[in-house]
Structure formats: structure tokens, C-alpha cells
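K.L.:
According to numbering that gives the first Met the number 0, numbering within the sequence shown proceeds without interruption in unit steps and concludes at 313.
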Amino acid sequence: MKSITDERFRDLYIGPDYADVKNLNESRELMPVPSEFSEDVDALRQLCDEIRVQSNRPRFSIRRNESLYRVTCFDTTGGRPTFVIRQPRSEVMPWEKVELGVKDKEFLMQKDLRGAVIICGEMGSGKTTLASSLVVARLVTYGDIAVAIEDPPETALDGRHGNGRCIHVDPRGNVSGELENAVRSGASIIYLGEARDQDSTIPVISAANNGHFILSTTHASSEADAVMRLVNMCDGRYENAAHALASGLAAVIHVRLVAKKVNTPVGEKIIDKLEYSMLKVWKDTTVKGHIRAQNYHLLGQAGEQQKTVSRAGE
Numbered sequence: 000m001k002s003i004t005d006e007r008f009r010d011l012y013i014g015p016d017y018a019d020v021k022n023l024n025e026s027r028e029l030m031p032v033p034s035e036f037s038e039d040v041d042a043l044r045q046l047c048d049e050i051r052v053q054s055n056r057p058r059f060s061i062r063r064n065e066s067l068y069r070v071t072c073f074d075t076t077g078g079r080p081t082f083v084i085r086q087p088r089s090e091v092m093p094w095e096k097v098e099l100g101v102k103d104k105e106f107l108m109q110k111d112l113r114g115a116v117i118i119c120g121e122m123g124s125g126k127t128t129l130a131s132s133l134v135v136a137r138l139v140t141y142g143d144i145a146v147a148i149e150d151p152p153e154t155a156l157d158g159r160h161g162n163g164r165c166i167h168v169d170p171r172g173n174v175s176g177e178l179e180n181a182v183r184s185g186a187s188i189i190y191l192g193e194a195r196d197q198d199s200t201i202p203v204i205s206a207a208n209n210g211h212f213i214l215s216t217t218h219a220s221s222e223a224d225a226v227m228r229l230v231n232m233c234d235g236r237y238e239n240a241a242h243a244l245a246s247g248l249a250a251v252i253h254v255r256l257v258a259k260k261v262n263t264p265v266g267e268k269i270i271d272k273l274e275y276s277m278l279k280v281w282k283d284t285t286v287k288g289h290i291r292a293q294n295y296h297l298l299g300q301a302g303e304q305q306k307t308v309s310r311a312g313e
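1. Among residues of its own chain, excluding the 5 on either side of Leu273, which ones have a beta-carbon nearer than 7 Å to its beta-carbon?
2. Give me the Cβ distance between Pro170 and Glu179, rounded to the nearest whole Å; I'm assuming they're in contact under 8 Å.
3. According to DSSP, Ala219 sits in a beta bridge with which residue or residues?
4. Quick one: grab the DSSP three-state call for Lys260.
5. Which partner residues of Ala147 appear in the DSSP bridge assignment?
6. Which residues mark the beginning and the end of the alpha helix (DSSP H) in which Arg85 is found?
7. For Lys260, collect the residues of the same chain with a Cβ closer than 6 Å to its Cβ; drop the 5 residues on either side in sequence, then sort them by chain order.
8. Whole angstroms are fine: how far does the CA of Arg79 sit from the CA of Asp143?
9. According to DSSP, simplified to helix, strand and coil, what is Gly100?
10. Output yes or no for whether 8 Å exceeds the beta carbon distance between Val203 and Val226.
11. Can you tell me whether DSSP reads Val32 as helix, strand or coil?
12. Which residues in the same chain as Thr75 place their Cβ atom closer than 6 Å to its Cβ, once the five residues preceding and following it in sequence are excluded?
13. Quick one: Cα of Glu6 to Cα of Asn24, how far?
14. For Lys110, which residues in the same chain have their Cβ closer than 7 Å to its Cβ, ignoring the five residues on either side in sequence?
15. Would you report the Cα separation of Met108 and Ile61, rounded to the nearest angstrom?
16. Who are the near neighbours of Ala327 in its chain, counting only those whose CB is closer than 6 Å to its CB and skipping five residues on each side?
17. Measuring CB to CB, does Ile189 end up less than 8 Å from Val146?
18. How would you label Leu29, buried or exposed, when you count the other beta carbons within 10 angstroms and need 16 or more for buried?
19. Flag this pair as yes or no: are the beta carbons of Val182 and Ala206 separated by less than 8 Å?
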């Protein structure tokens, strides 16, 4: 049986009577899964349906070829489920290959950096890739323990990394509870896969304000948009959510993947290149003041000023 998971793709869509795949190998299109993979697709459909019924969860992970594949289930109007399976990177991207500026990397790798580093962007923009690389880079450089909480798990983080170790947790819906456990564990790094609602965001900001280094991702169109969304999600649980965020944030990074043509030995090829912008909050009284005053429109300008200073120092 030929396995579709032996090929490179981005997303696999398995419905009750169809299977489509996006970005199969070099293609950048959505297409029907080739018939040579039909038997494997049937096996994946059955496996996902069994887990869906047993766990009663809309999101979970399956393991194939020593990799975790994130699965999202949809109950369609026809009454039968459709599964979206996202293929992970085969390994965590080495920090030296991450396309950030030298000064920005140095900022993120400071040993005494504390607070929340929030990576934002659209779905599939490279947020998780950057986050997992940073977790591993800090473990390799400084050792100690990281606790990674992903619902569902989707990156190859569990185990030893240099002199450090990552404990990879499947919260099974209890994100806030596992975050509390992580805070009490003595870990030097806490990574939450996504701050998607108030129950997950509040513990992140609380931990950040208590001196932890905590890393998470969220969906937002810019650094300013991310800050505004986080303040709104914290509103009602803090007397002043903007003040709590200004005190707890270390940095906000907005990432996006841009298709670019490159020349290769076999001809022209289109690849996805990471582009980013970064707002440093840690020890920056001006940026903290903008957040406290909820002057979100000034954060973009502050980020550009920081970029100019960083480039001058490289």
C-alpha cells in the first residue's frame, strides 16, 4: 500500500466520498488525491473516525512515520464527518535557518528575557515553526526544562534537546489546567500552542507577569492587532487588562509566508519565504506606555523605529 504521508503536502481533506490534497509535492494547487493512495486514504478515514467517536473531540493528533499530524473534524450538512489533516514539518527547523534578523534573534535568545513572546499571523503562516524553533534553541543553549502544551500536539518537541528537555503535553481540552501545572513545574520555558480564548490567554499573561518566559501564538493581522485582541480577551478578568499586558509582554512577532520565485539548478521554482515584523516590549517604556494607553495605532510606528535601530546595529 502506497502511503500519502510519505509525500510532501500541506493539507489533506478527507470527506465521506472524496479526498483532496493541497500542495502535493511541488504543486501549489488543490487537487484530488491520486488513485494510487486510495487504500491509504481509506485507512486514514477509518482511523480518524474511530478516534473521533472514542474521544468525542473535534481536534486531535495521529502519528504517522514518527510525525504528529493535526486532525480537525467537521460535521457536515450531510451528517457525515470530514477530516482535515495537516502535515507537520519532519523536524524542528534549526534556529540558524530561521529567517529573522541578527539583532532580533539576539533579543529573543537573551538568557534573562522574561514575559510573553506572542507570534501572530494567519493560519499556515509559520507561527508554529518559529515558536518550536525558539523553544529548542533556548533549550540547546541554556538547558533546563520546557513544557509545551498543544491542543492537539503537532510538533516534534518531546524529549532531549542538547542539555535540556521538553515535556510535550496533550491537554485534551484542559488547557488552563495544564498551564497551571506548567507554571508550578519549575520549567524555564512554557509554550502554549495557541492563545485562542480567554481561558487560555489569561494564564499566559498571568505567568508572564509572574516572571516566566512563556511563548504562544495567536491569529492576528499585525502586532498591533494582536495586542488589541489579547487586551480584549483579558478584559473583565483584570481590573486593567491593557496594563497587565503592557507589563507581561516581551515581544509580538507578526509572520507571513510569501511565495517567491527562485532559480535552482533544475530551473525556476516557487518557494515560500518567511517575512516578519517585530514589536519589542520588554524594557521599552515607550511601547509599554502606548499599550497602557491603548494607543494601538502608534505601535506600528514604534516597531518601525525599533527596526531602524536594529538594522543600524547589524
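We put the beta carbon where it would ideally sit given N, CA and C, even for glycine.
P.N.:
The relevant details are as follows:
1. Taking the first residue of the sequence shown as position 1, residue 273 is located at position 274. Only Glu98, Gly125, Val254 and Leu256 meet the Cβ criterion.
2. Here residue 170 refers to the residue found at position 171 of the sequence shown. Here residue 179 refers to the residue found at position 180 of the sequence shown. About 11 Å; that fails the 8 Å criterion.
3. In the sequence shown, counting from the first residue as 1, residue 219 sits at position 220. Note: Ala219 sits in no beta bridge, so no partner.
4. Against the sequence shown, residue 260 aligns to sequence position 261. Three-state result, Lys260: strand.
5. Translated into positions along the sequence shown, residue 147 becomes position 148. His167 and Tyr190.
6. Position 86 of the sequence shown holds residue 85. No alpha helix (DSSP H) holds Arg85; the beta strand (DSSP E) holding it covers Pro80 to Arg85.
7. The sequence position of residue 260 within the sequence shown is 261, counting from 1. The residues are Glu267 and Ile269.
8. Residue 143 sits at position 144 when you count from the first residue of the sequence shown. Residue 79 sits at position 80 when you count from the first residue of the sequence shown. Approximately 46 Å between the Cα atoms of the pair.
9. Taking the sequence shown and counting its residues from 1, the one referred to as residue 100 is at position 101. DSSP places Gly100 in coil when its eight states are reduced to three.
10. For this step, residue 203 is matched to residue 204 along the sequence shown. For this step, residue 226 is matched to residue 227 along the sequence shown. No, the pair does not count as a contact, with Cβ atoms beyond the cut-off.
11. The count along the sequence shown starts at 1 and reaches residue 32 at position 33. Three-state result, Val32: coil.
12. As a position in the sequence shown, residue 75 is number 76, starting the count at 1. So the list reads Thr81, once near-sequence residues are dropped.
13. If you number the sequence shown from 1, residue 6 lands on position 7. If you number the sequence shown from 1, residue 24 lands on position 25. When rounded, the distance between both Cα atoms is 6 Å.
14. Working through the sequence shown from its first residue, we reach residue 110 at position 111. If the five residues before and after Lys110 are omitted, its C-beta is found closer than 7 Å to the C-beta atoms of Tyr141, all from its own chain and listed in chain order.
15. Residue numbering aside, residue 108 sits at position 109 when the sequence shown is read from its first letter. Residue numbering aside, residue 61 sits at position 62 when the sequence shown is read from its first letter. C-alpha separation (whole angstroms): 32 Å.
16. Because the chain here runs from 0 to 313, residue 327 falls outside it and cannot be looked at.
17. Here residue 189 refers to the residue found at position 190 when the sequence shown is read from its first residue. Here residue 146 refers to the residue found at position 147 when the sequence shown is read from its first residue. Yes, the pair counts as a contact, with Cβ atoms nearer than the cut-off.
18. Numbered from its first residue, the sequence shown carries residue 29 at position 30. So Leu29 ends up on the exposed side.
19. Your numbering for residue 182 matches position 183 in the sequence shown. Your numbering for residue 206 matches position 207 in the sequence shown. In contact: Val182 and Ala206 (Cβ atoms closer than 8 Å).
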